[in-house]
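> Residue numbers (my numbering): 502 to 927.
Dumping the structure here so I can ask a few things about it.
This is the structure:
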């Protein structure tokens with residue numbers, strides 16, 4: 502990433518990005534991998550490896566690569582030669598311009614240098630049918646698995662992958678009914694995915710509590726699609742309101758003085774922004790992006806007194822604004838812990854050692870959403886990524902793959918990804 506000056510951000514201030522499907526954002530264009538030429542591989546047939554059942558912690562059989570002797574993954578040289586056959590993986594995305602999706606792509610590029618795999622990226626998808634069509638293209642191109650970063654077709658995506666004998670990763674935003682339907686309909690080909698628990702509610706709640714701790718008293722809330730009945734935004738709004746209530750009960754002086762509904766680019770939102778800039782307030786909290794406020798706040802002369810909070814990411818867009826103090830809270834889904842966990846699940850499955858729950862099925866597992874409140878926390882993540890380094894390394898992932906580490910289990914996988922917080926980044 503390259504640090505940019507404030508003026509460069511303002512031109513894009515009206516662009517809104519929202520996390521996708523439980524969260525929600527790959528700057529890679531769909532390339533030659535998506536073409537169905539003469540050399541396109543057929544979906545796995547009778548020779549496809551069966552996922553391991555209750556004995557998933559055992560390494561694959563005679564044809565599996567031997568784990569490193571006396572030390573597991575710690576002694577493995579990751580040079581991109583394992584597995585022996587390239588594992589092609591489809592990635593269902595929705596916004597290649599999104600900085601989170603670009604960060605995921607960068608991370609996967611790094612992992613592709615260490616493991617013998619290729620990622621086939623979708624174009625920007627907008628509905629369930631285009632998602633299912635892309636899954637069909639993945640099968641025709643020889644993909645062994647699909648990562649459902651974007652998901653409108655819910656469990657039907659997993660079931661369609663199973664029809665093509667491809668694995669599917671995705672937690673459906675923690676929707677347990679969809680997970681159960683995927684387990685039932687896709688069977689061994691459903692891997693599971695992460696859940697943030699009551700993530701949307703907690704995102705709003707943690708924003709409110711952080712602003713209260715920063716001394717904000719009069720707050721404007723941008724509630725996105727809450728008034729339109731969108732469940733994610735209803736939960737975020739309720740969490741924020743409850744967070745304010747908790748703060749007041751704890752002795753803080755805090756209130757929501759105005760609510761801005763809907764989305765930037767509409768007449769109603771623009772009119773509301775004008776009204777807000779005339780108010781005496783301490784903070785604007787947004788249940789989605791907050792970049793649409795940057796230019797107005799800078800022009801108003803309130804940049805030194807007003808704080809902005811949002812659900813966003815650690816990226817160039819926020820770098821200077823967070824370090825200046827204008828943005829003081831970001832609720833962040835770390836790319837490596839939230840989305841990168843798909844890779845060890847896929848590589849285990851295609852090598853014959855699928856990680857499963859006690860019933861032999863794919864499973865949901867918890868990861869933490871990080872609430873960033875200080876420049877030191879923000880810069881710890883930003884600088885790590887800026888230097889081409891990652892919270893979860895290729896060596897970490899190898900240690901979660903049974904072919905490298907016979908001690909890798911479903912439990913060690915869950916414990917590993919569930920342990921990361923913003924304080925893990927130094």
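Where a beta carbon is used, it is the ideal one built from N, C-alpha and C, also for glycine.
Could you check where the beta strand (DSSP E) with residue 807 kicks off and where it finishes?
Sequence index remark: in the chain shown, residue 807 carries index 306 (1-based). Per DSSP, residue 807 belongs to no beta strand (DSSP E) and is neither H nor E.
> Give me the residue from 797, 647, 837 and 789 with the minimum Cα distance to residue 603.
Counting from 1 along the chain shown, the entry for residue 603 is found at position 102. Nearest option by C-alpha distance: 837.
> Rounded to whole angstroms, what's the CA-CA distance from residue 924 to residue 767? Just pull it up for me.
As a working note, residue 924 is residue 423 in the chain shown. As a working note, residue 767 is residue 266 in the chain shown. If you take the alpha carbons of residue 924 and residue 767, they lie about 39 angstroms apart.
> Spatial neighbours of residue 945 within its chain, please: C-beta separation below 6 angstroms, excluding the five flanking residues on both sides.
The structure shown does not extend to residue 945, since the chain is modelled only from 502 through 927, so no value can be given for it.
> Taking residue 865 as part of the alpha helix (DSSP H), name the residues at either end of that continuous run.
The residue given as residue 865 occupies position 364 in the chain shown. That residue, residue 865, is in no alpha helix (DSSP H); its beta strand (DSSP E) goes 864 to 867.
> Of all the alpha helix (DSSP H) runs that stay within the bounds of the region 570 to 655, which reach a length of 4 or more residues?
Qualifying alpha helix (DSSP H) stretches, in chain order: 600 to 615 and 629 to 641.
> Return helix, strand or coil for residue 786, following the three-state DSSP convention.
Numbered from 1 along the chain shown, position 285 holds the residue referred to as residue 786. Strand at residue 786.
> Where do the ends of the alpha helix (DSSP H) carrying residue 839 lie?
For the purposes of this step, residue 839 is taken as the residue at position 338 of the chain shown. Start and end: 836 to 839.
> Flag this pair as yes or no: are the beta carbons of residue 868 and residue 697 separated by less than 9 angstroms?
Translated into positions along the chain shown, residue 868 becomes position 367. Translated into positions along the chain shown, residue 697 becomes position 196. In this structure, residue 697 lies closer than 9 angstroms to residue 868 by Cβ.
> Please name the residue in 833, 926, 826 and 811 whose C-alpha comes closest to that of residue 792.
Reading the chain shown from its first residue, position 291 is the one you call residue 792. Considering only alpha carbons, the answer is 811.
> Use the C-beta contact count for residue 728: other C-beta atoms within 10 angstroms, 16 or more gives buried, fewer gives exposed.
On the chain shown, residue 728 is found 227 positions in, with the first residue counted as 1. When all chains shown are included, residue 728 counts as exposed.
> Does the distance from the CB of residue 847 to the CB of residue 583 come in under 9 angstroms?
Your numbering for residue 847 matches position 346 in the chain shown. Your numbering for residue 583 matches position 82 in the chain shown. For residue 847 and residue 583, no; Cβs fall outside 9 angstroms.
> Mapping DSSP to helix, strand and coil, what is residue 771?
The sequence position of residue 771 within the chain shown is 270, counting from 1. Reduced to three states, the DSSP call for residue 771 is helix.
> Closest to residue 861 by CA distance: which of 887, 685 and 653 is it?
Position 360 of the chain shown holds residue 861. The residue with the shortest Cα to Cα distance from residue 861 is 685.
> Hey, how far is the Cα of residue 716 from the Cα of residue 598?
In the chain shown, counting from the first residue as 1, residue 716 sits at position 215. In the chain shown, counting from the first residue as 1, residue 598 sits at position 97. So the two alpha carbons sit approximately 35 angstroms from each other.
> Taking the continuous alpha helix (DSSP H) assigned at residue 913, which residues delimit it?
By one-based count along the chain shown, residue 913 stands at place 412. First-last of the alpha helix (DSSP H) with residue 913: 911 to 919.
> Where residue 918 and residue 842 are concerned, what is the direct C-alpha to C-alpha distance, given to the nearest angstrom?
Taking the first residue of the chain shown as 1, we reach residue 918 at position 417. Taking the first residue of the chain shown as 1, we reach residue 842 at position 341. Taking the straight line from one Cα to the other gives about 7 angstroms.
> Could you check whether the region 705 to 716 touches the region 784 to 803, counting it as contact only if at least three pairs of C-beta atoms, one from each stretch, sit closer than 8 angstroms?
The answer is yes - the region 784 to 803 touches the region 705 to 716, with three or more Cβ pairs under 8 angstroms.
> Quick check: the Cα distance between residue 926 and residue 870, rounded to an integer number of angstroms?
Counting from one through the chain shown, the residue named residue 926 turns up at place 425. Counting from one through the chain shown, the residue named residue 870 turns up at place 369. For residue 926 and residue 870, the distance between alpha carbons rounds to 14 angstroms.
> At what residue ranges does the region 723 to 779 contain a whole run of the beta strand (DSSP E), taking only runs of 3 or more?
Here the runs fully enclosed are 756 to 762.
> Applying the 10 Å Cβ sphere with the 16-neighbour rule, what's the burial state of residue 681?
Within the chain shown, residue 681 is the residue found at index 180, counting from 1. By the 10 Å Cβ count, residue 681 comes out exposed.
> Report the residue from 652, 903, 620 and 884 whose alpha carbon sits nearest the alpha carbon of residue 630.
Here residue 630 refers to the residue found at position 129 of the chain shown. Of the candidates 652, 903, 620 and 884, the one whose C-alpha sits nearest the C-alpha of residue 630 is 652.
> Quick check: what's the CA-CA separation for residue 764 versus residue 586?
The sequence position of residue 764 within the chain shown is 263, counting from 1. The sequence position of residue 586 within the chain shown is 85, counting from 1. Taking the straight line from one Cα to the other gives about 46 angstroms.
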